[in-house]
Amino acid sequence: MDVRQISNQRKYDLAASSYDFIAYLMSLGQANRLYDELADCFNIPPGATIAELGCGPASVIPSLLKKIPSKTTVIGIDFSEQMIAIANHKKDQYQWDDVHFECMDMYEFAPEKELDAVVFCLALTAIPDSIKALKKAISILKPGGQLLILDSIPLNSRWYHPFANIYMYAKSMIVGAKPNRSILDYITNNLVNVAVKERVFGVYTLISAFKQN
Ligand SMILES: C[S@@+](CC[C@H](N)C(=O)[O-])C[C@H]1O[C@@H](n2cnc3c(N)ncnc32)[C@H](O)[C@@H]1O
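Structure, rendered in structure tokens:
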């Protein structure tokens, strides 16, 4: 792991116990609604296996479990031990039998078989090299598999986007994220059936895309 990753890992260990509250505040109270909207975008077959990379304290898992077909296997990956400890506590508390959390650097995650879907929820801009992370996600997807992303990506097509972008950059200074437009450009150039929806006046963007067959 490079030095940026190690300091990132320490930062998330420290933030783990207050993460859900911080996410609620920073999303202007919209976090749970955004998680539900992300979960609505799944297009996966019964019996699928999906992974959330940078799952944190399993914040999005309750929304996923409400919307995905039963018997979907969900793997949550995070390199923060504290985040995974909270995620495992929730797993035991709510008896999420088909959900498994693993504490590791996402670049080391090597699933036994290619995945039906990979999710980055508020995680891609938290990773120092988001394009490298995207390439990793695409490499573990099966042909036709789905990539789903919820994150803050600067937009510039509506009159209010400059205001949303100012809020996004201010927020990113507090949480240490790195919003960048190249995420959307990379997806548009390398995946198919790309659907993009802006949320909360463009502060968040929801992207669904598929790996070519
Ligand atoms: C902003 S949190 C997002 C948490 C959760 N997905 C959510 O929706 O709220 C980003 C998470 O990504 C994790 N992360 C960052 N880089 C990672 C890496 N290289 N491997 C695994 N996890 C990573 C951090 O530990 C942190 O828990």
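According to our numbering, the sequence shown holds residues 7 to 219 in order.
We treat Cβ as the ideally placed atom computed from N, Cα and C, and that holds for glycine.
Remember, it's a predicted structure, so these values are computed and weren't measured experimentally.
- Under the three-state reduction of DSSP, Val200 is assigned to strand.
- For the 8 angstroms CB-CB criterion, Val198 and Gln218 form a contact.
- Given a length threshold of 4 residues, each whole run of the alpha helix (DSSP H) inside the region 23-72 is given here in chain order: 25-32 and 37-46.
- Nearest in C-alpha terms to Arg164, of all of Ile213, Gln11 and Glu204, is Glu204.
- A straight-line Cα-Cα distance of about 14 angstroms links Glu120 and Pro51.
- Across the structure, Glu58 and Phe107 are spaced so that their CA atoms are roughly 9 angstroms apart.
- Taken through DSSP and simplified to helix, strand or coil, Leu130 comes out as helix.
- Nearest to Ala64 by alpha-carbon distance, out of Val125, Gly182 and Leu190, is Val125.
- In this structure, the C-beta of Gly150 stays at least 7 angstroms away from each heavy atom of ligand 1.
- Residue environment: Ser158 is assigned as buried (16 or more neighbouring CB atoms within 10 Å of its CB, all protein chains considered).
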